[in-house]
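Line order of the protein sequences matches chains A and B. Residue 254 in our numbering sits at position 254 of the first sequence, with consecutive numbering throughout. Residue 1157 in our numbering sits at position 157 of the second sequence, with consecutive numbering throughout. Glycine included, C-beta positions come from ideal geometry on N, C-alpha and C. Working notes, beginning with the structure itself.
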Amino acid sequence: MIETIQFTINGIAVGCIYGLVALGFVLIYKAGEVVNFAQGDMMMLGAMLAVTLIVTYKLDYWLGLAIAIALMMALGALIDATVVRRIVGFPQFSTVMLTLGLGFILRSAASFVWGPDARTLDTPFSAGVWRFMGVTVSHTYASLIIGTFALCAVLFVVFKYTRIGNAMQAASENQLAAYYMGIPVKAYLSLVWAISAGVSTCAGVLLAPVALVDVNMGSIGLKAFAAAVVGGFGSIPGALVGGIVIGLVEMYAGIKLDTAWRDASPYLVLLAVLLLMPQGIFGSSIRKKV
Amino acid sequence: MRYVFKTRYEQDLSLTRHGGDVFWYSILLIGAAFLPLVMGSYQLGELSLLLIWVIGGLGTMIVVGYSGQISLGQAAFIGLGAYAHAVMLKIGIPFLLSLPASALLAGAMGLAIGMPLTRLHGIYLAIGTLAFASVAEQIFAHWEGVTGGLRGMAVQPPEIMGLKLDSGPSFYYLCLALAIACPLGVINWLRSPTGRALIAIRDSEIAAKSMGVNIVYYKAVAFSASAFLSGLMGALLAHKISYLAPETFGPLLSIQMLMLVVVGGLGAVHGAYFGAAFIVMLPVAISAAKQFMPQSISQQPAIEPGLFGIILVLFIIFEPTGMYGRWQKIKYFFAVFPLYKVASFRRQKTYMRTERLK
């Protein structure tokens, strides 16, 4: 029983990270209908930057994190403004290929700068554990869950209660109407890319103490896809719930079945969801009008 | 500019447009047949690899370029073909039987996967096929009794009726024969009602449906045909690399297949040749260029994926019709020589069309 709770907590913690990366997908998808296959690589780049700032340049953890987020937000906005904006209105296929190509570029740029070695990151809260009734929760895992929920709360407040957030929602709901209302849609799309890059940087930094930080860290993006689809692509709470579902499935598949199943389970869940309930848990049902 | 004036019905049925085509393709064919006389074994090997990629590229071209479905799962079919072929050779099935059998097996798999998956659209299809390929890679890696698991598996050399085909020229001729037969078959197939249905689905699914095209059936057929050719590529590739490891058939291979069709030219059989040449030649060109680079750059393993990415992005933005599209523009420029207008191939300005429908 205690073990079960333990595994559940760890599964939720890892799932939160999937959820955060999925959140990055969902934000960009909602705003511009671009599926960003480079999201995992953006997370990797953010984590690499943060680790470099904190470990190599010996900055304070929070300062390093803030600088890394700021840099990645700038990069996200730059990618949108210079590359992604050019293919607005092209078929879906172009956006898929474009973001795949961007992912390649980011990954090889990172391996040019940082090389193939894996790095680790010590956090100010990585030492201790909490114990309740035999269940141990390490501070690292707690930080994943708390960090995720804090970030989501901030995003929720921004989207719900600020002028900027409302404008972004308007732009993602109906671009043309937003233009007519005087909202600078292009600037807001770039802003969404910036936020998405910032969120994935946070995900990377939160994940860093649990996993190794290396150039291939971005492959988590695939599992985050599963999370986004399970939650219903385009739903922000859905991304988080989907992430937790995938995290739990992966954790239990690893324990109850053997490793082959652990690695394949997120994709099997993804396929099952796509085939049986393509709108996901939180997605709105969509009917095509001719 | 040449206007073909049709006087006989056979001209509509003919695969070539006019005598010039026949002349140039014959020269190409004769050149290809005599290449082993002048080329070293390394170049010949690279050329065989190119021809193998052409076959797989055709498969991707059918599903992506002609039926308009995004498939990120081609590697699964290539892997299936490769492993099936290697296993069949190992248990003693002759090469001539095993090659089509492995391709057919991949084709059947494509049909089985295509039926449910083709209900998905756009990005969902891309993600679904990617997930399928990831599952397939796990199966290759963990089904140790058959695939040899992570240790990999050796492939026996091809042999037809006691004649070993493992040397450079003979394997080259095998690849050449298939890389000529497959495109001819595909071209003919695409001119049939099935091919026209696929193109109709690509251009507008709703219009195709209202004309009575059975969308699910034709999409599954496209997947199956594509998987068949991918399986054939896999079986040949197995001989080329002669040792199968699961990571060969990872997501990277699927992405390379897509890159092949995008860079080659979507929706053109010629594009498969151009794209295959690009995919095979780029690493060769990079390694040739390395001696002119400073040590610190030439030692980097990441040059190749980075360059692939940059070229892909540039093609998507500046030349979405690929190398074949560019070639046609160049041809058109000379055909109408002083009269070329900038507007001849100008792309229309487009606006975001939502796929989220309410």
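Assigned secondary structure, residue i (DSSP; H/G/I helix, E/B strand, else coil)
| i | result |
| --- | --- |
| B:W1143 | coil |
| B:K1006 | coil |
| A:V213 | strand |
| A:F132 | strand |
| B:R1346 | coil |
| A:F93 | helix |
| B:H1121 | coil |
| B:K1290 | helix |
| A:T162 | coil |
| A:S108 | helix |
| B:L1015 | coil |
| B:A1126 | helix |
| B:S1067 | coil |
| A:K256 | helix |
| A:G101 | helix |
| A:S172 | helix |
| B:G1148 | coil |
| A:Y57 | coil |
| B:S1192 | coil |
| B:G1267 | coil |
| B:I1093 | coil |
| A:G182 | coil |
| B:V1213 | coil |
| A:V35 | coil |
| A:P124 | coil |
| A:V245 | helix |
| B:V1221 | helix |
| A:V113 | helix |
| B:V1135 | helix |
| A:V157 | helix |
| B:V1284 | helix |
| B:K1358 | Confidence is the limiting factor: at B:K1358 the pLDDT is only 39, short of 50, which leaves the residue's position unreliable, though a coordinate-based value still follows. Note: B:K1358 maps to coil in three-state DSSP. |
Boundaries (first-last residue) of the alpha helix (DSSP H) holding residue i
| i | result |
| --- | --- |
| A:F282 | From DSSP, A:F282 is part of no alpha helix (DSSP H); its letter is neither H nor E. |
| A:S138 | Per DSSP, A:S138 belongs to no alpha helix (DSSP H); it is in the beta strand (DSSP E), 135 to 138. |
| B:V1087 | 1074 to 1090 |
| B:F1034 | 1019 to 1038 |
| A:D41 | 39 to 51 |
| A:N10 | 2 to 32 |
| B:I1316 | 1303 to 1318 |
| A:V69 | The displayed chain sequence assigns Ile, not Val, to residue 69 of chain A. Per DSSP, A:I69 belongs to the alpha helix (DSSP H) from 61 to 82. |
| A:S190 | 185 to 207 |
| A:F233 | Here A:F233 belongs to no alpha helix (DSSP H), and DSSP marks it neither H nor E. |
| B:M1259 | 1251 to 1264 |
| B:Q1399 | Residue 1399 of chain B is absent from the structure shown; chain B starts at 1001 and stops at 1358. |
| B:S1048 | 1041 to 1060 |
| B:K1341 | Element bounds for B:K1341: n/a, residue is neither H nor E. |
| B:K1209 | 1205 to 1210 |
| B:Q1295 | 1295 to 1298 |
Within-8 Å CB hit, residue i to chain C
| i | result |
| --- | --- |
| B:V1342 | No chain C appears in the structure shown, which is made up of the protein chains A and B. |
Residues sharing a beta bridge with residue i, DSSP
| i | result |
| --- | --- |
| B:L1244 | B:M1153 |
| B:E1159 | B:K1164 |
| A:R119 | A:V213 |
Contact belief for residue i with residue j at Cβ below 8 Å, rounded distance in angstroms
| i | j | result |
| --- | --- | --- |
| A:D80 | A:S190 | 4 Å |
| B:F995 | B:G1073 | Outside the modelled stretch of chain B, which goes from 1001 to 1358, sits residue 995 of chain B, for which no answer is possible. |
| B:V1135 | A:Y267 | 5 Å |
| B:M1039 | B:A1086 | Actually they do not touch by this definition, with Cβ atoms about 28 Å apart. |
| B:G1081 | B:M1233 | 7 Å |
| B:L1244 | B:V1155 | 6 Å |
| A:T330 | A:P209 | Chain A is shown from 1 up to 290; residue 330 of chain A falls before or after that span and cannot be answered. |
Between the stretch 259 to 270 of chain A and chain B, which residues of the former have CB atoms less than 7 Å from a CB of the latter, in chain order?
Listed by position, the residues of the stretch 259 to 270 of chain A near chain B (Cβ gap below 7 Å) are A260, D263, A264, Y267, L268, L270.
For the stretch 1243 to 1266 of chain B, enumerate the residues whose C-beta is nearer than 7 Å to any C-beta of chain A, in chain order.
Listed in sequence order: I1255, L1258, V1262.
Within 7 Å of chain A by C-beta, residues of the stretch 1108 to 1127 of chain B in sequence order
When C-beta distances to chain A are compared with 7 Å, the residues of the stretch 1108 to 1127 of chain B below that value are P1116, L1120, G1122, I1123, Y1124, A1126, I1127, in chain order.
To be precise: take each residue of the stretch 63 to 77 of chain A, compare its Cβ to all Cβ atoms of chain B, and keep it if any distance is under 7 Å. Which residues remain?
Hits within the stretch: zero.
Against chain B, which members of the stretch 31 to 53 of chain A pass a CB distance test of less than 8 Å?
With the criterion set as a beta carbon lying under 8 Å from some beta carbon of chain B, the members of the stretch 31 to 53 of chain A are G32, E33, V35, in sequence order.
Can you pull out the residues from the stretch 116 to 132 of chain A whose beta carbon lies closer than 8 Å to at least one beta carbon of chain B?
When C-beta distances to chain B are compared with 8 Å, the residues of the stretch 116 to 132 of chain A below that value are P116, in chain order.
Positions along the stretch 206 to 235 of chain A whose CB lies within less than 9 Å of some CB in chain B:
The stretch 206 to 235 of chain A vs chain B, Cβ under 9 Å: V215, S219, L222, F225, A226, A228, V229, F233, G234.
Short of 9 Å Cβ to Cβ, which residues in the stretch 1293 to 1314 of chain B face chain A?
Within the stretch 1293 to 1314 of chain B, the qualifying residues are I1297, Q1300, P1301, A1302, I1303, E1304, P1305, G1306, L1307, F1308, G1309, I1310, I1311, L1312, V1313, L1314.
Given a limit of 7 Å on CB to CB distance, which residues of the stretch 143 to 156 of chain A reach chain B?
Those would be none; no residue qualifies.
When Cβ atoms are compared, which residues of the stretch 1195 to 1211 of chain B fall closer than 7 Å to chain A?
So the close ones are I1206.
Taking beta-carbon pairs under 9 Å, can you tell me which members of the stretch 1071 to 1095 of chain B lie near chain A?
Closer than 9 Å at the C-beta level to chain A, one finds these residues of the stretch 1071 to 1095 of chain B: L1072.
Interface positions of the stretch 1142 to 1175 of chain B facing chain A (Cβ-Cβ less than 7 Å), listed along the chain
Cβ contacts with chain A come from H1142.
Quick one, which residues of the stretch 1316 to 1327 of chain B are near chain A if we go by CB-CB under 7 Å, in chain order?
For the stretch 1316 to 1327 of chain B, which is checked against every Cβ of chain A, the residues closer than 7 Å are I1316, I1317, P1320.
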